[in-house]
Amino acid sequence: CWICLDDDPHPAPCKCPSYVHRFCLARWQLERLGRREERECRFCGTILPPWQETLLPKRVEPASEAIVNVHAPDGSKHCIPLRPGLAGRRHFMRAVRQALHLPHHAQLEMGFEVAVP
Numbered sequence: 001c002w003i004c005l006d007d008d009p010h011p012a013p014c015k016c017p018s019y020v021h022r023f024c025l026a027r028w029q030l031e032r033l034g035r036r037e038e039r040e041c042r043f044c045g046t047i048l049p050p051w052q053e054t055l056l057p058k059r060v061e062p063a064s065e066a067i068v069n070v071h072a073p074d075g076s077k078h079c080i081p082l083r084p085g086l087a088g089r090r091h092f093m094r095a096v097r098q099a100l101h102l103p104h105h106a107q108l109e110m111g112f113e114v115a116v117p
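With full-length UniProt numbering applied, the sequence shown covers 1 to 117.
So, in structure tokens, the structure goes:
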């Protein structure tokens, strides 16, 4: 790699005979942000792959709905959907109150446990 000097061969992103790691090239491009070298090889003029594809995480769409298990003091368990946004929160709170037979004005305290995969 002409940037980190590792001798492990990698595909060349342009017509030049030198090899370069995709990650090394992306960092190099980012350091030249706004200049011609961000987009083109400075030696042969080939358009380089966008650095964003390598350095930025892939966009993950949020889940449309999660299921929350609500455990009542009487030992019963209720599976209640939780949707994103303020409307989803309101719907969840109404469903919890209904499942636990709580009046609208009763204050709720909740704790959450999340299992790490």
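Each residue gets a CB set at the ideal place from its N, CA and C atoms; glycine is no exception.
Check whether residue i and residue j have beta carbons under 8 Å apart
i: residue 78; j: residue 106; result: no
i: residue 28; j: residue 3; result: yes
i: residue 127; j: residue 16; result: In the structure as shown, the chain begins at 1 and stops at 117. Residue 127 is therefore absent and cannot be evaluated.
i: residue 40; j: residue 32; result: no
i: residue 44; j: residue 14; result: yes
i: residue 19; j: residue 12; result: yes
i: residue 7; j: residue 21; result: no
Expected contact under 8 Å - CB spacing of residue i and residue j to nearest Å
i: residue 82; j: residue 109; result: Not a contact, Cβ separation roughly 17 Å.
i: residue 97; j: residue 104; result: 7 Å
i: residue 30; j: residue 55; result: 7 Å
Per-residue DSSP class, three states only, for residue i
i: residue 82; result: strand
i: residue 101; result: coil
i: residue 66; result: strand
i: residue 117; result: Residue placement at residue 117 is poorly supported in this model, since its pLDDT is 49, which falls under 50; the coordinates still yield a value, given next. Here residue 117 sits in coil by DSSP.
i: residue 110; result: coil
Going residue by residue through the UniProt domain "RING-CH-type" (1-51), where are the continuous alpha helix (DSSP H) segments of at least 4 residues, counting only ones entirely within it?
The UniProt domain "RING-CH-type" (1-51) contains, as complete alpha helix (DSSP H) runs of 4+ residues, the segments 22-31 (chain order).
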